[in-house]
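Novice: The structure that follows is given in the form of structure tokens.
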Amino acid sequence: MMLLSRIPNSSLLNYSPSLCSFSKSVANPLLFKKRAGLFPAGRMASNSSAAIRASAQTLTDPDELIGSVETFIFDCDGVIWKGDSLISGVPETLDMLRSKGKRLVFVTNNSTKSRKQYGKKFETLGLKVNEEEIFASSFAAAAYLKSIDFPKDKKVYVIGEEGILKELELAGFQYLGGPEDGEKKIELKPGYYMEHDESVGAVVVGFDRYFNYYKVQYGTLCIRENPGCLFIATNRDAVTHLTDAQEWAGGGSMVGALCGSTQREPLVVGKPSTFMMDYLSDKFGILKSQICMVGDRLDTDILFGQNGGCKTLLVLSGVTSLETLQSPKNSIQPDFYTNKISDMLTLKGAAV
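Anchor point for the sequence shown: position 301 equals 1645 in my numbering, and the numbering is continuous, going up by one each time.
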């Protein structure tokens, strides 16, 4: 595991792993978030690169964009696929970019799968993608804990699915919770007192189809009563594409429940936090100015790229509509926008 060396203000590697230091970070959360490059998504949108920009340009010359960068980072849901359906033209577009020597990286805020599991999904859809090219927010949560030397004698309580559990296990961390707590119920009787594990040093919250009141209460007790317990969110996405038929409530709804009960803001390790961008830049030795972030969400994908100092391309094949992009209320403007990534091919053909 390669550790970070390029995080603004202070390296995560210099952040003390002791629970005493964890407690100090909770007492002064703004200082900790500045050190780690981790901010609530909404707050980032108002304080950083979401400042009003020039209006996005329609992508008319893909050759110019392709020639100006070395690496393309693609979001997955809404860009590569919707639900379990591949978006048309994706294989040909990826093949074209690889033929030009471009590095391709796939980043997703969906924490339900591990990198290995996502590799199988790519394979099922007929795409040849190496596990090392995939970065899911489930992996980001484990990588973050590893980067701060989270104590191995402490446990992680997981509100989320198998992807987070597998990545924590691979990183050597103890955990509890996850899908098996989805069937647990609280029988509220007079005087009932709910016990919790006092050795839990972090609560990780991601998208969870088995979300219930038991998990909310257990996570709340750990965060509020265990000294220095970290509250980590894989993402705060409002919606997700579980199927290609409609939008579904995203991981942000689960995170929001814990925010309400603990009166705490989480440390977000997925997009638009700079954590994954810094990790990718360090791992591959990529200059951020030589990266183009391609995504379908303004407040996660495009902001993620802008916060990292990258070029940005918005595709309209997922969450964001042209109306939303051009709304006077929207201050997040990508460098370019187009309908879908295969426009890189059709526009090239039209220009010949």
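All residues carry an ideal CB built from backbone N, CA and C; glycine is no exception.
Please read these numbers as outputs of a predicted model, since none were measured by experiment.
Can you list the beta strand (DSSP E) stretches of 3 or more residues lying completely in the stretch 1498-1546, in chain order?
Specialist: Segments of the beta strand (DSSP E) lying fully in the stretch 1498-1546: 1499-1503 and 1518-1521.
Novice: With distances taken between CB atoms, is the gap from residue 1593 to residue 1560 smaller than 8 Å?
Specialist: Taking 8 Å as the Cβ cut-off, residue 1593 and residue 1560 do not qualify as a contacting pair.
Novice: Apart from the five residues on each side of it in sequence, which residues of its chain come closer than 8 Å, Cβ to Cβ, to residue 1444?
Specialist: So the list reads 1410, once near-sequence residues are dropped.
Novice: For residue 1494, does the three-state DSSP call read helix, strand or coil?
Specialist: Three-state result, residue 1494: coil.
Novice: Where do the ends of the beta strand (DSSP E) carrying residue 1449 lie?
Specialist: That run of the beta strand (DSSP E) goes 1447-1452.
Novice: Got a sec? Which residues, its chain only, sit under 6 Å from residue 1504 by beta carbon, not counting five neighbours each side?
Specialist: Excluding residues within five positions, the ones whose Cβ falls inside 6 Å are 1455, 1550 and 1552.
Novice: Just the Cα atoms here: how many angstroms apart are residue 1572 and residue 1547?
Specialist: Their Cα atoms are separated by approximately 11 Å.
Novice: Which parts of the stretch 1607-1658 are runs of the beta strand (DSSP E), unbroken and 3 residues or longer, counting only runs that do not cross its ends?
Specialist: DSSP runs (the beta strand (DSSP E)) wholly in the stretch 1607-1658: 1635-1639.
Novice: Measure the Cβ-Cβ separation of residue 1460 and residue 1475 and say whether it is below 8 Å.
Specialist: Closer than 8 Å, so yes.
Novice: Do residue 1650 and residue 1400 count as a contact pair if the criterion is CB distance below 8 Å?
Specialist: No, they are not a contact pair.
Novice: Should residue 1369 go down as buried or exposed, given a rule of 16 or more other Cβ atoms within 10 Å for buried?
Specialist: Note that residue 1369 scores a pLDDT of 36, beneath 50, so its modelled location is shaky and nothing firm can be said.
Novice: In this structure, how does DSSP classify residue 1589 when only helix, strand and coil are distinguished?
Specialist: DSSP places residue 1589 in coil when its eight states are reduced to three.
Novice: Looking at residue 1545: is its Cβ nearer than 8 Å to the Cβ of residue 1494?
Specialist: Against a cut-off of 8 Å, the Cβ pair of residue 1494 and residue 1545 comes out as a contact.
Novice: From residue 1331 to residue 1398, what distance separates their C-alpha atoms?
Specialist: Because the chain in this structure spans residues 1345 to 1696, residue 1331 falls outside the shown range and cannot be described.
Novice: Residue 1609: buried (16+ other C-beta within 10 angstroms of its C-beta) or exposed?
Specialist: Buried, by the Cβ-count rule.
Novice: Assuming residue 1576 is part of the beta strand (DSSP E), what are its boundary residues?
Specialist: It spans 1574-1577 - the beta strand (DSSP E) in which residue 1576 sits, taken as one unbroken run.
Novice: Take residue 1654 as the anchor and find which of 1626, 1682, 1621 and 1670 has the nearest alpha-carbon.
Specialist: Out of 1626, 1682, 1621 and 1670, 1621 has the C-alpha closest to the C-alpha of residue 1654.
Novice: Tell me which residues share the same chain as residue 1511 and place their Cβ nearer than 6 Å to its Cβ, disregarding the 5 neighbours each side in the sequence.
Specialist: Within the same chain, residue 1511 has close Cβ partners 1458, 1482, 1483 and 1486.
Novice: Exposed or buried, what is residue 1439 when buried is set at 16 or more other beta-carbons lying within 10 Å of its beta-carbon?
Specialist: The residue is exposed, with fewer than 16 neighbouring Cβ atoms inside 10 Å.
Novice: Is it right to say residue 1515 is buried, meaning 16 or more other beta carbons lie within 10 angstroms of its own, or is it exposed?
Specialist: That one is buried.
Novice: If you draw a straight line from the C-alpha of residue 1518 to the C-alpha of residue 1566, how long is it?
Specialist: Taking the straight line from one Cα to the other gives about 15 Å.
Novice: Take residue 1478 as the anchor and find which of 1564, 1418, 1407 and 1557 has the nearest alpha-carbon.
Specialist: Checking every option, the nearest Cα to that of residue 1478 belongs to 1418.
Novice: Hey, how far is the Cα of residue 1407 from the Cα of residue 1432?
Specialist: Near 20 Å, if we compare the C-alpha coordinates of residue 1432 and residue 1407.
Novice: Start and end of the beta strand (DSSP E) containing residue 1416?
Specialist: 1415-1419 is the extent of the beta strand (DSSP E) around residue 1416.
Novice: When you compare the CB positions of residue 1664 and residue 1453, do they come within less than 8 Å of one another, or not?
Specialist: No, they are not a contact pair.
Novice: If you draw a straight line from the alpha carbon of residue 1416 to that of residue 1430, how long is it in whole angstroms?
Specialist: Approximately 19 Å between the Cα atoms of the pair.
Novice: So the alpha helix (DSSP H) residue 1466 belongs to, where does it begin and stop?
Specialist: Where residue 1466 is concerned, the enclosing alpha helix (DSSP H) stretches over 1459-1468.
Novice: Which same chain residues end up closer than 6 Å to residue 1522 when comparing Cβ atoms and leaving out the 5 residues on each side of it in sequence?
Specialist: Closer than 6 Å at the Cβ level, and outside the excluded window around residue 1522, lie 1502 and 1509.
Novice: Could you pull out every residue in the same chain whose Cβ sits closer than 6 Å to the Cβ of residue 1555, ignoring the five residues on either side in sequence?
Specialist: Excluding residues within five positions, the ones whose Cβ falls inside 6 Å are 1598.
Novice: Decide if residue 1681 is buried, meaning its Cβ has at least 16 other Cβ atoms within 10 Å, or exposed.
Specialist: Buried, since its Cβ has 16 or more Cβ neighbours within 10 Å.
Novice: For the alpha helix (DSSP H) holding residue 1410, just list the boundary residues, first then last.
Specialist: Start and end: 1406-1412.
Novice: How should residue 1616 be labelled, buried or exposed, when 16 other C-beta atoms within 10 angstroms of its C-beta is the threshold for buried?
Specialist: Burial call: buried.
Novice: At which residues does the beta strand (DSSP E) containing residue 1676 begin and terminate?
Specialist: Looking at the DSSP string, residue 1676 is not in any beta strand (DSSP E), and its letter there is neither H nor E.
Novice: Identify whether residue 1567 lies in helix, strand or coil by the three-state DSSP scheme.
Specialist: Residue 1567 falls in the helix class under three-state DSSP.
Novice: Starting from residue 1668, trace the alpha helix (DSSP H) both ways and give me its first and last residue.
Specialist: Note, residue 1668: alpha helix (DSSP H), 1666-1669.
Novice: Is any beta-carbon of chain B found at less than 8 Å from that of residue 1577?
Specialist: The structure shown has no chain B; it contains just one protein chain.
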